[in-house]
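Below you'll find the structure, written out as structure tokens, and then a few comments.
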């Protein structure tokens, strides 16, 4: 079946460090890929997305590139801030008919001053 | 502004009582979803609905019930049959009819505690 695998957390970084959160997927079709962010006590917010191979999604300094050859969608940010501390979810959605989002288990990011 | 509203934000329930969580959206989205999230855990799908008057069980539907009488509303009832109802509940909605390159819009959640 379709699935998303994320790196285990927590990821602990100092402010201004470089961030990578790995995400790989398995899909029976051709998916769109998403990153969501969840701040403490809140719902999920769409951070960025990419709908086809080699697309790069970007938002708020975060980037992720849809790599079909490696079935990956790694999240990166050049310089993290304390306010980036949150849980990050990678997800996919197939582009045929009605398809539900398939989520990874989430990766907690902790950024210290 | 369009959005999805969950209420209340915090809810306390005595054991043996049913409780209903509200979810309303004004995004004109077709599909709606309910997820459960336990501390430090990912999302688990409870129920979803593609259209009005139709809904399907997700992965953990036991002890829950839903209705979809209006496009805008998808209330979730946590019944006394749910053994461990204390959790954070998230409602979401999405455009559909083939536009699946869109993701979901989430509400801000309801934290249910059984006392």
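Protein chains in written order, with our numbering: chain A, 1 to 113; chain B, 1 to 115. Note that the Cβ used here is the ideal one computed from N, Cα and C, for glycine as well. In this text the structure is predicted, and so the values were computed from the model without any measurement.
With fewer than 16 other beta carbons inside 10 angstroms of its own, residue 82 of chain A counts as exposed.
From the beta-carbon of residue 106 of chain A, the residues of chain B found nearer than 7 Å are 42. Annotated three-state conformation of residue 67 of chain B is coil, per DSSP.
Contact of residue 17 of chain B with chain A is not assigned, every C-beta pair being separated by 9 Å or more. Under the three-state reduction of DSSP, residue 37 of chain A is assigned to strand. Burial state of residue 115 of chain B is exposed, judged by a 10 Å Cβ sphere holding fewer than 16 other Cβ atoms. Residue contact with chain A for residue 54 of chain B: absent (no Cβ-Cβ distance below 9 Å to any residue of chain A). Not one beta carbon of chain B lies nearer than 9 Å to the beta carbon of residue 81 of chain A.
Near chain B, meaning a CB-to-CB distance below 8 Å, the residues of the stretch 31–42 of chain A are 32, 34, 36, 41 and 42. Under the three-state reduction of DSSP output, residue 83 of chain A falls in the helix class. Per DSSP, the continuous beta strand (DSSP E) segment holding residue 45 of chain A begins and ends at 44–50. A Cβ-Cβ separation of about 6 Å places residue 103 of chain B in contact with residue 101 of chain A under the 8 Å criterion. When secondary structure is reduced to three states using DSSP, residue 60 of chain A falls in the coil class, being assigned neither helix nor strand. At a cut-off of 9 Å between beta-carbon atoms, residue 68 of chain A makes no contact with chain B.
Going by DSSP, residue 77 of chain A is part of the beta strand (DSSP E) stretching over 75–77. When the Cα atoms are used, residue 73 of chain B and residue 23 of chain B turn out to be separated by approximately 6 Å.
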